[in-house]
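Asks: Sharing a structure, written as structure tokens. Questions coming.
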Amino acid sequence: MTTATRTLPDTLENPYALSHLDALEAESVHIFREVAGEFERPVILFSGGKDSIVMLHLALKAFHPAPVPFALLHVDTGHNFPEVIEYRDRTAARHNLRLHVASVQDFIDDGRLRERPDGTRNPLQTVPLLDAIESHKFDAVFGGGRRDEEKARAKERVFSLRDEFGAWDPRRQRPELWSLYNGRHAPGEHVRVFPLSNWTELDVWQYIEREGIELPEIYYAHEREVFKRDGMWLTAGAWGGPKEHETPETRLIRYRTVGDMSCTGAVDSDAATNADIIAEIAASRLTERGATRADDKLSEAAMEDRKREGYF
Amino acid sequence: MSTTTETSATSLLRFATAGSVDDGKSTLVGRLLHDSKSVLADQLEAVEHASRNRGQDAPDLALLTDGLRAEREQGITIDVAYRYFATARRRFILADTPGHVQYTRNMVTGASTAELAVVLVDARNGVVEQTRRHAAVAALLRVPHVVLAVNKMDLVDYAEPVFAAIAEEFTTYAASLGVKDVVAVPISALAGDNVVEPSAHMDWYGGPTLLEHLETVPVGSDPSDEPARFPVQYVIRPQSEEYRDYRGYAGQLASGVLRVGDAVTVLPSGHTTTVAGIDALGTPTDIAWAPQSVTVRLADDIDISRGDLIAAAPAPVPTKDIEATVCHLNERALLPGAKVLLKHTTRTVRALVKEISYRIDIDTLEQRSGAQGLEVNDIGHVVLRTAEPLALDTYTDNRRTGSFLLIDPADGTTLTAGMAGEAFDTVRATEPDEEDWV
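Quick mapping for you: the protein sequence lines, in order, are chains A and B.
Start counting at 1 in the first sequence, then tack on 6, and there's your number in this note's numbering.
Start counting at 1 in the second sequence, then tack on 743, and there's your number in this note's numbering.
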């Protein structure tokens, strides 16, 4: 056998060139199949946001023509966009997938959780999430987190070990070499798996465009009644806005990320198609979390703290 | 649509940086991100804020790669931070490894997936012990391309002889380790010379800037040079009305090219058959190549499951006896007699550490025999015996089918990274009296 020393330019003359989307897709599919091969009860966290939609799309391709061998799990804050909930239910039905919903509202109603003074429910998702993982005995939980999103995620593993409390201990994270993922865990522990670890926001949108993936319409420019809080455009609604001093107005906006209505901000945008959005992101001077997530502005280490407690 | 064709026809380069804080590595990484416009306003604002809090006037680009609070509080470094940036020509994944105590382990981890390693030296100090170590790790992990970035040229008056001497010494050393492609670039990460923009101070340098080189270095090897290796991850059997008899083997090509009609051997059983069909994630195709993920259908009904290897000739001979170069990753020493799990491609088997033949001094590349065990960060040579045969290639031939992990069966900890075969041609025994066969 010979050692390969010859290399080829990544141009059209090279018949074996792979685009960055092909390379990322191949890696993500490999991760899904590793989990299917090594775990008993995996589940995909599915919020109806673009990252989880891309995850599901990759899973569908990974196991074609067989069905995806995982269920879906959504942590519903009770303040989700109705368009997104509708998309979630329609998608689960279309692919004949089992959808588990863990409801923050249920936990508030029976006293296991208390509403926060600021009204945001994002941090409240951790308890119902861990409860669902424990009660369904999920041993691998796919999340759509990307390392480019935030500093605390930049050092996250593809296979991230969580203890029996769902907590992330940096000391117990395992070095990941080559494409060898070590998913061994004790009973009661689970592994968070991030198939999109190496994708950026732009990659995700380019892939959505290339694959013709349908998204909830709130990702595209539309007119909506919004009001300004902490420098972000929030949707008026029963969740607790606007307050007296906040004035609602109708603006042409779109959502760059989709989460709880209380902390997900819209951006002024006339981007109506995927191509418009790709152009908009390529020119953007703000990261998606910086532009749209109030919860990450809580403190410099807000994400890191939530992650250690067992957040997504 | 026109916008996407402009931005999506790019390749992906994974690379690693090696160097300590003193060499200006964080500043270099910050400079690459900043000058390629990959640092956005809110991130820069956070860095400016943190810099002001520390009493600095200018934003400290090193803070862009600053660690987590958990690391600072616990006095640990998490091995590798991944950074992402893109130019019009290419997408980059940078494995940024901290240069502290755990250095060898961290760099081995970062280099394992890298196609290029940037080794940083301080122009005032030249090639030092640590530089030789970085070159050795890059050579050990078979990183195909190495860039020597001679930093702080501004502090040696941008003098060509300083650069030329360092470049010469490093290139000679790297070549002796078997590194085939070395490019040296004189830079100043702080001032920005030759990182993204060409330097106005070094007319004598006619080569590419660091970023230009990263954008144009060839990605990957030619798959047609290597025999096909396809580790089976998962068996796809829909058992639906439409696909009643479908039986496909899902996996990612570790190397080579696979075509419909190719003769293949299934290992470790040794059965031979031909490729009946290839499905590229839902679309039938007649050819696939590394590193594509596909599903392969075979002409004969053979019992195949996860962990098997579908291989084109010349196929490896399955063996239970493995000699390998390893890097020990864990605080607990690896000792002879240890019973471990060995994870190779998609197969995990029990294994016994029969012998720790010698430790390799990564600074001098000398063999040190008589090692009781391997400590964290040690590189060494081991003899293993597995409970079931494995179809390994040597790591020199194949980075994916020649690599493995040793895992603690009790708690699942990843203990050791292994590479089948010999590390360097140049590793030499030193003390003759340690060679008991003399």
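All C-beta atoms, glycine included, are put in the ideal place defined by N, C-alpha and C.
In this text the structure is predicted, and so the values were computed from the model without any measurement.
#1: Can you give the beta carbon distance from B/Arg848 to B/Asp839, rounded, assuming they're within the 8 Å contact cut?
#2: Taking C-beta pairs closer than 7 Å, name the residues in chain A that B/Lys1086 reaches, listed in chain order.
#3: Mind checking B/Trp1180: buried by the 16 CB within 10 Å criterion, or exposed?
#4: Could you say if the region 1069-1085 of chain B and the region 953-972 of chain B meet the contact criterion of at least three C-beta pairs nearer than 8 Å?
#5: At the level of alpha carbons, what is the spacing between B/Trp1032 and B/Ser964?
#6: Put B/Trp1032 into one of helix, strand or coil per three-state DSSP.
#7: Tell me the DSSP secondary structure of B/Glu912 in three-state form.
#8: With distance defined between alpha-carbon atoms, name the residue in B/Arg885, B/Leu837, B/Arg875, B/Ala789 nearest to B/Gly1164.
#9: Take the Cβ of B/Trp947 as the centre, count every other Cβ of all protein chains shown within 10 Å, and call the residue buried at 16 or more, exposed below.
#10: Less than 7 Å separating the beta-carbons of A/His70 and B/Gly1025?
#11: Any C-beta of chain A sitting closer than 7 Å to the C-beta of B/Glu1177?
#12: List the whole-angstrom C-beta distance separating B/Ala866 from B/Asn894, where the pair is believed to meet the contact cut-off of C-beta under 8 Å.
#13: Should the region 938-947 of chain B be regarded as contacting the region 782-793 of chain B, the criterion being three or more beta carbon pairs within less than 8 Å?
#14: Leaving out five residues before and five after B/Thr856 in sequence, what residues of the same chain have Cβ atoms less than 6 Å from its Cβ?
#15: Rank B/Ile1021, B/Pro1061, B/Thr1015, B/Pro1027 by C-alpha distance to the C-alpha of B/Asp1043 and give the top, closest one.
#16: Secondary structure at B/Met744, three-state DSSP: helix, strand or coil?
#17: Residues in the region 34-46 of chain A with C-beta within 7 Å of chain B's C-beta atoms, listed in sequence order?
#18: Whole angstroms are fine: how far does the CA of A/Arg152 sit from the CA of B/Ala860?
#19: Alpha carbon to alpha carbon, how far is B/Ile836 from A/Leu183? Give it in angstroms, no decimals.
#20: Return the first residue and the last residue of the beta strand (DSSP E) that B/Met1162 is part of.
#21: Determine, using beta carbons only, whether A/Pro71 comes closer than 7 Å to chain B.
#22: Could you round the C-beta distance between A/Gly149 and A/Arg198 to whole angstroms and report it? I think they count as a contact, below 8 Å.
#23: Would you kindly work out how many angstroms separate the C-alpha atoms of B/Asn796 and B/Ala789, rounded to a whole number?
#24: So, for B/Leu1158: in the same chain, excluding its five sequence neighbours on each side, which residues have a beta-carbon less than 8 Å away from its beta-carbon?
#25: Give the single residue among B/Asp936, B/Leu776, B/Thr915 whose Cα lies nearest to the Cα of A/Asp154.
#26: Mind listing which residues of the region 262-296 of chain A have their C-beta closer than 9 Å to chain B's C-betas, in chain order?
#27: Taking Cβ positions, are A/Ala278 and A/Ala227 nearer each other than 7 Å?
#28: Kindly indicate the opening and closing residues of the beta strand (DSSP E) around B/Ala761.
#29: Taking Cβ-Cβ distances below 7 Å as the criterion, which residues of the region 1087-1100 of chain B are in contact with chain A?
#30: Tell me the residue span of the alpha helix (DSSP H) that contains A/Asp95.
#31: Answer yes or no: does any C-beta atom of chain A fall closer than 7 Å to that of B/Thr1129?
#32: Could you tell me whether the Cβ of B/Thr1008 comes closer than 7 Å to any Cβ of chain A?
#33: What do you reckon, are the CB atoms on A/Glu255 and A/Ala242 nearer than 7 Å?
#34: Apart from the five residues on each side of it in sequence, which residues of its chain come closer than 6 Å, Cβ to Cβ, to B/Pro904?
#35: Can you grab the Cα-Cα spacing for the pair A/Gly237 / A/Ile114, in whole Å?
#36: Using the beta-carbon count (16 or more within 10 Å), is B/Ser1146 buried or exposed?
Replies: According to the structure shown:
#1: About 15 Å separates the two Cβ atoms, so there is no contact after all.
#2: The answer, in chain order, is Leu186, Asn188.
#3: Confidence at B/Trp1180 is low in this model, with a pLDDT of 37, below 50, so the placement of that residue is unreliable and no value is reported for it.
#4: No, they do not touch.
#5: So the two alpha carbons sit approximately 11 Å from each other.
#6: B/Trp1032 falls in the strand class under three-state DSSP.
#7: In this structure, B/Glu912 counts as helix in the three-state DSSP scheme.
#8: Looking at the Cα atoms, B/Arg885 is the closest of the given residues.
#9: B/Trp947 sits exposed, since fewer than 16 C-beta atoms from the chains shown fall within 10 Å of its C-beta.
#10: Between A/His70 and B/Gly1025, the C-beta gap is smaller than 7 Å, which places the two residues in contact.
#11: In this predicted model, B/Glu1177 has a pLDDT of only 41, less than 50, meaning its place in the structure is not dependable; the value taken from the coordinates is given anyway. For B/Glu1177, the answer is no, since every Cβ of chain A falls outside 7 Å of its Cβ.
#12: About 6 Å separates the two Cβ atoms, so the contact holds.
#13: Under the 8 Å Cβ criterion, the region 938-947 of chain B does not count as touching the region 782-793 of chain B, having fewer than three qualifying pairs.
#14: The answer, listed in chain order, is Arg757.
#15: Checked all of B/Ile1021, B/Pro1061, B/Thr1015, B/Pro1027; the closest Cα to B/Asp1043 is B/Thr1015.
#16: Note on B/Met744: pLDDT 32, under 50, position unreliable in the model; no value is reported.
#17: Of all residues in the region 34-46 of chain A, only Val35, His36, Arg39, Glu40, Ala42, Gly43 place a beta-carbon less than 7 Å from a beta-carbon of chain B.
#18: Going from the Cα of B/Ala860 to the Cα of A/Arg152 covers about 23 Å.
#19: Rounded to the nearest angstrom, the two C-alpha atoms are 15 Å apart.
#20: Bounds of the beta strand (DSSP E) holding B/Met1162 are 1157-1163.
#21: Output row for A/Pro71: interface = yes.
#22: A Cβ-Cβ separation of about 6 Å places A/Gly149 in contact with A/Arg198 under the 8 Å criterion.
#23: Cα-Cα distance, rounded: 11 Å.
#24: Residues His1071, Leu1072, Asn1073, Arg1075, Leu1077, Val1083, Leu1148, Leu1149, Ile1150, Asp1151 of the same chain have their beta carbon placed closer than 8 Å to that of B/Leu1158, with the five preceding and five following residues left out of the count.
#25: Per the Cα distances, B/Leu776.
#26: Here the close residues are Thr279, Asn280, Ala281, Asp282, Ile284, Ala285, Ala288, Ser290, Arg291, Leu292, Thr293, Arg295, Gly296.
#27: Taking the C-beta atoms as reference points, A/Ala227 is found nearer than 7 Å to A/Ala278.
#28: In the DSSP annotation of this structure, the continuous segment of the beta strand (DSSP E) that includes B/Ala761 starts and ends at 754-761.
#29: From the region 1087-1100 of chain B, only Thr1089 have a Cβ closer than 7 Å to chain A.
#30: Its alpha helix (DSSP H) spans residues 88-100.
#31: Contact of B/Thr1129 with chain A is not assigned, every C-beta pair being separated by 7 Å or more.
#32: Chain A has no Cβ within less than 7 Å of the Cβ of B/Thr1008.
#33: No, Cβ-Cβ distance for A/Glu255 and A/Ala242 is not below 7 Å.
#34: The same chain holds no residue with a CB closer than 6 Å to that of B/Pro904 once the five nearest residues on each side in sequence are set aside.
#35: Approximately 29 Å between the Cα atoms of the pair.
#36: The residue is buried, with at least 16 neighbouring Cβ atoms inside 10 Å.
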